[in-house]
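Structure first, then comments.
Residue numbers (this note's numbering): 28 to 294.
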């Protein structure tokens, strides 16, 4: 078939979804056509693993997808975790220190299937609603281990200071990256969308002849760089645009039909 051996991994927020965080019919139809012609489609997102099943149940995913910015590879159709990497157990005092310096910042700690929050704000509540999970407040000592991602939610200027403070610790075990203007994500150093894609390629690569990725923000940079064909939407950050092979219209114009147009020159 036309798209046999071709793989597309797309970011969700700011890429596949429009400014209202909606999945357009045009994107859905293009994905359905792509997969009906032998293509393989998955998402690569900073969101939790249940978000596609709860919020986008009709999204045609026929590949294991990448969640928590690469800290988990999850097969949504069989509810199977194929891979996950947790953060160091000694991170808790570090975060408590950050919270003492920035006492009003919202901090969300994600564990498989659950999310704990300190100082929940409107942005965090809106995020939980659109992604389909509940925020739970708990004392530090009651939060279990195996943290997959820590998310700080605050104005960008404050987050830049937090990022600098964390980087100033000279820890080599953290991946610290902006996923949105007001979202600062922290994962284990081995966790990134690009690293997860490499792991998937090592498993399925014999069946894949062309890997295409689509993204917009700095947490998509390695994803774009790892692909055979990296595509940025026009609202992407400068770094992502620079690393991409193609730049298409912004996320308010359905991206997958445009990706299929680009693919015509590579079949």
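Yeah, the Cβ is synthetic: ideal placement off N, Cα and C, and Gly gets one too.
Treat the numbers as computed from the prediction; the structure is a model and nothing was measured.
>> Quick test of your reading: residue 211 and residue 99, contact by CB under 8 Å. State the CB separation rounded to the nearest angstrom.
In response: Rounded, the Cβ-Cβ distance is 19 Å, inconsistent with contact.
> Can you give the beta carbon distance from residue 57 to residue 281, rounded, assuming they're within the 8 Å contact cut?
Replying inline: That belief holds up - the Cβ atoms of residue 57 and residue 281 are roughly 7 Å apart, short of 8 Å.
> Are there three or more Cβ pairs, one per stretch, closer than 8 Å when the segment 148-156 is compared with the segment 85-92?
Replying inline: Counting Cβ pairs under 8 Å, fewer than three are found: no touch.
> Can you name, in chain order, every residue of its own chain whose Cβ lies under 6 Å from the Cβ of residue 256, other than the five neighbours on each side?
Replying inline: Contacts found: 239, 272.
> In whole angstroms, what separates the C-alpha of residue 161 from that of residue 59?
Replying inline: Those two C-alpha atoms are separated by around 30 Å.
>> Whole angstroms are fine: how far does the CA of residue 52 sit from the CA of residue 112?
In response: Their backbone Cα atoms lie some 34 Å apart in a straight line.
>> Give me, in chain order, the residues of the same chain whose beta-carbon lies closer than 6 Å to that of residue 337; leave out the 5 immediate sequence neighbours on both sides.
In response: The displayed coordinates of the chain run from 28 to 294. Any statement about residue 337 would go beyond what the structure contains.
>> Measuring straight from C-alpha to C-alpha, what distance separates residue 187 and residue 147?
In response: When rounded, the distance between both Cα atoms is 19 Å.
>> Taking the straight line between their C-alpha atoms, what separation do you get for residue 200 and residue 218?
In response: Cα-Cα distance, rounded: 10 Å.
> Of all the options 261, 237, 262, which has the alpha carbon lying nearest to the alpha carbon of residue 67?
Replying inline: If you compare the alpha carbons of 261, 237, 262 with that of residue 67, the shortest gap goes to 237.
>> I want to see whether chain C comes within less than 7 Å of residue 112, judged by CB atoms only; does it?
In response: The structure shown contains no chain C; it is built from a single protein chain.
>> Run through the DSSP bridge pairs and tell me what residue 297 is partnered with.
In response: Residue 297 lies beyond the range of the chain shown here (28 to 294); nothing can be said about it.
> Given a threshold of 16 other Cβ atoms within 10 Å of its Cβ, counted over all protein chains shown, does residue 105 qualify as buried or as exposed?
Replying inline: By the 10 Å Cβ count, residue 105 comes out exposed.
> Can you tell me the Cα-Cα spacing of residue 150 and residue 124, whole angstroms?
Replying inline: About 23 Å.
> When you compare only the Cα positions, how much space is there between residue 235 and residue 35?
Replying inline: Distance between the alpha carbons of residue 235 and residue 35 is about 10 Å.
> Looking at the unbroken beta strand (DSSP E) that takes in residue 111, where does it start and where does it end?
Replying inline: Start and end: 107-111.
> In three-state DSSP terms, what is residue 194?
Replying inline: Helix, per DSSP.
>> Am I right that residue 302 and residue 82 are in contact with their C-beta atoms under 8 Å? What's the rounded C-beta distance?
In response: Past the boundaries of the shown model lies residue 302; the chain is included only from 28 to 294, so the question cannot be answered.
> Identify the residues that DSSP records as bridge partners of residue 259: which are they?
Replying inline: DSSP output for residue 259 lists 242, 274 as bridge partner(s).
> Which whole-angstrom value is the C-beta distance of residue 290 and residue 270, which I expect to be below 8 Å?
Replying inline: Not really, about 19 Å apart at Cβ, beyond 8 Å.
> On the premise that residue 209 lies in contact with residue 180, defined as a C-beta separation below 8 Å, what is that separation, rounded to the nearest angstrom?
Replying inline: Taking the Cβ atoms as the reference, residue 180 lies roughly 6 Å from residue 209, within the contact range of under 8 Å.
> Got a sec? Which residues, its chain only, sit under 8 Å from residue 77 by beta carbon, not counting five neighbours each side?
Replying inline: Around residue 77: 140, 159, 160.
> So is the beta-carbon of residue 230 under 6 Å away from any non-hydrogen atom of the ligand ADP?
Replying inline: Ligands displayed in this structure: none; no statement on the ligand ADP is therefore possible.
>> Rounded to whole angstroms, what is the Cα-Cα separation between residue 243 and residue 101?
In response: If I take the Cα positions, the gap works out to 22 Å.
> By how many angstroms is the C-alpha of residue 205 removed from the C-alpha of residue 119?
Replying inline: Within the model, the alpha-carbon separation for residue 119 versus residue 205 is close to 20 Å.
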